[in-house]
Amino acid sequence: MSYESIPLTKDIHIEKVFTVHYFEYRSDFSYPGERHNFWEFQCVDKGSAQVETDDDVHILNRGQVIFHRPNEFHNLTAVGQSAPNIVVVSFECNSPYMNFFDKRILTLSDTERNIIGMIIAEAKRCIASPLDDPYLKKMEIRKDSLFGSQQLVLLYLEQLLISMIRRYTLPRLSVPASKIPISKHASSLYKKIIFYLEEHIREFVNIESICHDNLIGRSQLQKLFREQHQCGVIEFFTQMKIEFAKQLIRENQMNFTQISDFLGYSSIHYFSRQFKKITGMTPSEYSTSVKAHSEQK
Numbered sequence: 194m195s196y197e198s199i200p201l202t203k204d205i206h207i208e209k210v211f212t213v214h215y216f217e218y219r220s221d222f223s224y225p226g227e228r229h230n231f232w233e234f235q236c237v238d239k240g241s242a243q244v245e246t247d248d249d250v251h252i253l254n255r256g257q258v259i260f261h262r263p264n265e266f267h268n269l270t271a272v273g274q275s276a277p278n279i280v281v282v283s284f285e286c287n288s289p290y291m292n293f294f295d296k297r298i299l300t301l302s303d304t305e306r307n308i309i310g311m312i313i314a315e316a317k318r319c320i321a322s323p324l325d326d327p328y329l330k331k332m333e334i335r336k337d338s339l340f341g342s343q344q345l346v347l348l349y350l351e352q353l354l355i356s357m358i359r360r361y362t363l364p365r366l367s368v369p370a371s372k373i374p375i376s377k378h379a380s381s382l383y384k385k386i387i388f389y390l391e392e393h394i395r396e397f398v399n400i401e402s403i404c405h406d407n408l409i410g411r412s413q414l415q416k417l418f419r420e421q422h423q424c425g426v427i428e429f430f431t432q433m434k435i436e437f438a439k440q441l442i443r444e445n446q447m448n449f450t451q452i453s454d455f456l457g458y459s460s461i462h463y464f465s466r467q468f469k470k471i472t473g474m475t476p477s478e479y480s481t482s483v484k485a486h487s488e489q490k
């Protein structure tokens with residue numbers, strides 16, 4: 194029997210890229226605005242910025258991104274005391290999935306921030322024009338463009354869009370359902386806190402900050418998680434971190450110290466103690482166990 198290929202669909206396909214910019218603006222910068230017949234996103238990498246569209250005025254802070262549909266008016270003004278750094282990418286994409294981004298302001302995950310960083314890095318390797326000229330209408334390709342850099346700009350951009358659509362539309366965690374029924378209000382609050390913990394997985398988070406940022410009392414928060422998981426919220430958050438650490442160990446891209454730093458632990462020794470407390474093994478023992486199972490297959 195001969196092999197047969199399978200058709201793979203491209204849900205997001207970037208037809209053209211018009212601009213890739215990384216601006217380090219002055220604190221008093223203001224761009225008057227424009228319209229064009231292709232998509233654009235503005236992402237704040239540092240500081241804050243005000244963006245005006247046909248429909249509203251928005252304030253974007255670090256890590257937030259706004260998308261502008263084709264022919265939508267948009268401008269940008271620096272706000273606050275610190276000079277903002279802004280990423281602007283404009284492109285043509287005719288996928289119906291782009292409707293997801295219409296009139297939305299999204300907060301990037303750490304992975305998505307890294308993808309944007311890779312887009313900028315590859316753009317510098319293939320675009321001769323300066324990336325910091327907000328009035329540039331046509332970019333020029335470098336004659337010594339690094340092999341694959343142009344394609345990677347397209348691929349990373351498609352990956353970024355796919356990542357955001359997935360993250361905001363697919364279920365985030367497979368959490369066991371509670372045996373104790375809870376009200377609709379408590380259920381939505383619980384999901385909000387789970388989302389919050391996922392977004393802060395690389396940080397040190399205490400009960401006070403969770404309560405403050407989610408407008409919930411300490412006793413209500415603890416009761417909610419004891420009903421759902423028979424443990425407190427900090428213990429649950431620690432379990433989330435260790436599950437993430439196990440994934441990183443399996444991916445074998447970082448050593449234990451790097452994983453400890455990545456997940457916001459104060460020291461490798463504290464990380465190792467927490468890891469053993471949750472899994473019954475040290476990170477090294479877990480890594481050895483995973484490797485042994487892999488070699489048996």
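Using our numbering, the first residue of the sequence shown is number 194, and each one after it goes up by one.
Note that beta-carbon positions come from the ideal geometry of N, C-alpha and C, so glycine has one too.
First and last residue of the uninterrupted alpha helix (DSSP H) at residue i
| i | result |
| --- | --- |
| S342 | S342 to T362 |
| N307 | D303 to C319 |
| V272 | Note, V272: premise wrong, no alpha helix (DSSP H); beta strand (DSSP E) at H267 to V272. |
| L414 | R411 to H422 |
| E227 | Looking at the DSSP string, E227 is not in any alpha helix (DSSP H); the run it does join, the beta strand (DSSP E), is S223 to E227. |
| H405 | I400 to N407 |
| S465 | I461 to T472 |
| S453 | F449 to F455 |
| L441 | V426 to E444 |
Limits of the beta strand (DSSP E) - the one that residue i falls within
| i | result |
| --- | --- |
| C236 | W232 to K239 |
| N254 | V250 to N254 |
| N278 | N278 to E285 |
Sequence-distant residues of the same chain with beta carbon closer than 7 Å to residue i, five excluded per side
| i | result |
| --- | --- |
| C404 | G410, R411 and L414 |
| S302 | R360 |
| I358 | Y290 and F293 |
| F211 | F231, S283 and F284 |
Cross-strand partners of residue i (DSSP beta bridge)
| i | result |
| --- | --- |
| F216 | I279 |
| V258 | C236 and L299 |
| Q243 | I252 and T270 |
| V210 | F284 |
| I334 | I320 |
Residue i burial status per 10 Å Cβ neighbour count (16 or more: buried)
| i | result |
| --- | --- |
| V215 | The question names Val, but residue 215 is Tyr in the sequence shown. Y215 should be labelled buried. |
| L173 | Lying before the first or after the last residue shown, residue 173 is absent from the chain, which here runs from 194 to 490. |
| S381 | exposed |
| P476 | buried |
| L350 | buried |
| S460 | exposed |
| Q344 | exposed |
| S482 | exposed |
| K434 | buried |
| H462 | exposed |
Cβ shell of residue i (< 8 Å), same chain only, five flanking positions each side left out
| i | result |
| --- | --- |
| R365 | Unreliable placement is indicated for R365, whose pLDDT of 46 sits below 50; the coordinate value is still reported in the next sentence. The answer, listed in chain order, is I387, F388 and E391. |
| E265 | R228, T246 and D247 |
| K439 | T472 and Y479 |
Close-in-space but distant-in-sequence residues of the same chain around residue i (CB under 6 Å, 5 per side omitted)
| i | result |
| --- | --- |
| E217 | N278 |
| K469 | T475 |
| S220 | A271 and A276 |
| I313 | Y215 |
| S342 | E315, R318 and C319 |
| L324 | H214 and Y215 |
Near the ligand FAD: residue i beta-carbon under 7 Å from a heavy atom
| i | result |
| --- | --- |
| R359 | This structure lacks the ligand FAD, and indeed carries no ligand of any kind. |
* Asked: How about the region 270 to 288 and the region 235 to 249: do they share at least three Cβ pairs that are nearer than 8 Å?
  -> Pairwise C-beta distances place the region 270 to 288 in contact with the region 235 to 249, as three or more of them are shorter than 8 Å.
* **Stretch-stretch touch, CB-based, cutoff 8 Å, three pairs: the region 289 to 301 with the region 319 to 336** => Verdict: no, contact absent.
* If we count Cβ pairs, one from each stretch, closer than 8 Å, do we get three or more for the region 242 to 251 versus the region 196 to 208? -> no
* Looking at C-beta atoms only, is the number of pairs between the region 307 to 316 and the region 351 to 358 that lie closer than 8 Å three or more? -> yes
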